[in-house]
Amino acid sequence: MSGNADSLKTIFFALGANFAIFLAKAFAAFVTGSGAMTAEAVHSLADCGNQGLLLLGLKNAKAPVSPDHPLGQGKAIYFWSFLVALLLFSVGGAFSIYEGLHKLGSPEPLEWPWLAIGVLAFGIVAESMSMWGCLREVNKTRGERSLWRWFRESRQSELIVIFGEDLAALLGLTFALLAVLLTLVTGNPLFDALGTLAIGVLLVVIAVFIAIEVKALLIGQSVDPEMKAEVLRFLDARPEITRVFNLITLQLGADVMVAVKAEMSGDVPTRGIVDAINAVEKDLKARFPEIRWSFFEPDVED
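Structural data, given as structure tokens:
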């Protein structure tokens, strides 16, 4: 099974890059009057706020077990990740679409276009570094899977969000750069407005994909298929178990709950069954440290 990614490191990578890019974009948008640049500045500011929400979510997810939350609050990170997707959709995407429509109705010539181009080039470099940091952590978990398959199967919502944000930022910067260059070459501000609209549509589409994935986790989703298959192989290989009738897993943030219904080997007294179950659970948690809760039901039929 693949290793675990350091989500905290990935978030700080993205936060540092986005704040630096926001400052540069905001200055360039003020000087040039570019709608695409304004949209990109708002996008970067929203991303900074989003990363702050993810940090809050990771902190909340570590709250201790309580009578009201007997399995902990690990799923809190899913709530905050879903909120980030909504903000990316509204603050980022919807604002950019509004700005683009406004520019279409009231086109304005660009001022200091070369400044905008320089800032966008800087943004692409900074965002590429953030994406590099994100992909380095993603590669620890995805193994041989494609990025698309990892995106669909990953249970680290905060990593899904950062990856989606970085991808949206890189593509958005590219759209903005093309819009400014075309406006500069043709002298037609229509391209700047169209670039702003393209950025808005891009953010909306990526936000929807992120929301779909996080929604599944928020409702309640099993561990990723690769881990579930490994847990099942582990149980099947145990000498204490004759066969596994049912295996239920539930991802709870960084923690995992496992429920097993299995037939135990041999005709042993009750104490022997208890000892056998305890041995299986102890080794199971040693093999898969993310499993925090396990419930084992011995039976003779499903």
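Numbering follows my numbering, with no gaps: position 218 of the sequence shown is 222. Backbone N, C-alpha and C fix where the C-beta goes; we use that ideal spot for every residue, glycine too. This structure is a prediction, so every number in the text was calculated from the model and none was measured.
* **residue 66 in three-state terms, based on DSSP** => coil
* To do: Alpha carbon to alpha carbon, how far is residue 16 from residue 241? Give it in angstroms, no decimals.
  => 41 Å
* To do: Identify the continuous alpha helix (DSSP H) that holds residue 117 and give its terminal residues.
  => 117–146
* Within 10 angstroms of its Cβ, does residue 299 collect 16 or more other Cβ (buried), or is it exposed? -> exposed
* Throw me the rounded Cβ distance for the residue 75 and residue 256 pair, which I believe falls under 8 Å. => 6 Å
* Asked: For residue 255, which residues does DSSP report across the bridge?
  -> 260
* At a cut of 8 Å, does the segment 57–77 reach the segment 168–187 through at least three beta carbon pairs? -> no
* Asked: For residue 283, which residues of its own chain have a beta-carbon under 8 Å away from its beta-carbon, when the five flanking residues on both sides are left out?
  -> 244
* Asked: Is it buried or exposed for residue 148, if we count other Cβ within 10 angstroms and need 16 for buried?
  -> exposed
* To do: State buried or exposed for residue 159, treating a residue as buried only when at least 16 other CB atoms are found within 10 Å of its CB.
  => buried
* With which residues is residue 2 paired in a DSSP beta bridge? -> Summary: the structure shown does not reach residue 2, with the chain confined to residues 5 through 306, and so no result is reported for it.
* Asked: Do residue 230 and residue 164 have their C-beta atoms closer together than 7 Å?
  -> no
* To do: Take the Cβ of residue 67 as the centre, count every other Cβ of all protein chains shown within 10 Å, and call the residue buried at 16 or more, exposed below.
  => exposed
* How would you call residue 3, buried or exposed, if buried means at least 16 neighbouring beta carbons within 10 angstroms? -> Residue 3 is absent from the model: the chain starts at 5 and stops at 306.
* Apart from the five residues just before and just after residue 5, which ones in its own chain have a Cβ nearer than 7 Å to its Cβ? -> Its pLDDT being 48, under 50, residue 5 is placed unreliably in this model, and the value from its coordinates should be taken loosely. Taken in chain order, the residues that qualify are 230, 231, 234.
* Mind checking whether residue 104 and residue 197 have CB atoms under 7 Å apart? -> yes
* Measure the C-alpha to C-alpha separation of residue 306 and residue 296 and round it to an integer number of angstroms. => 25 Å
* **Distance, residue 254 Cα to residue 125 Cα** => 43 Å
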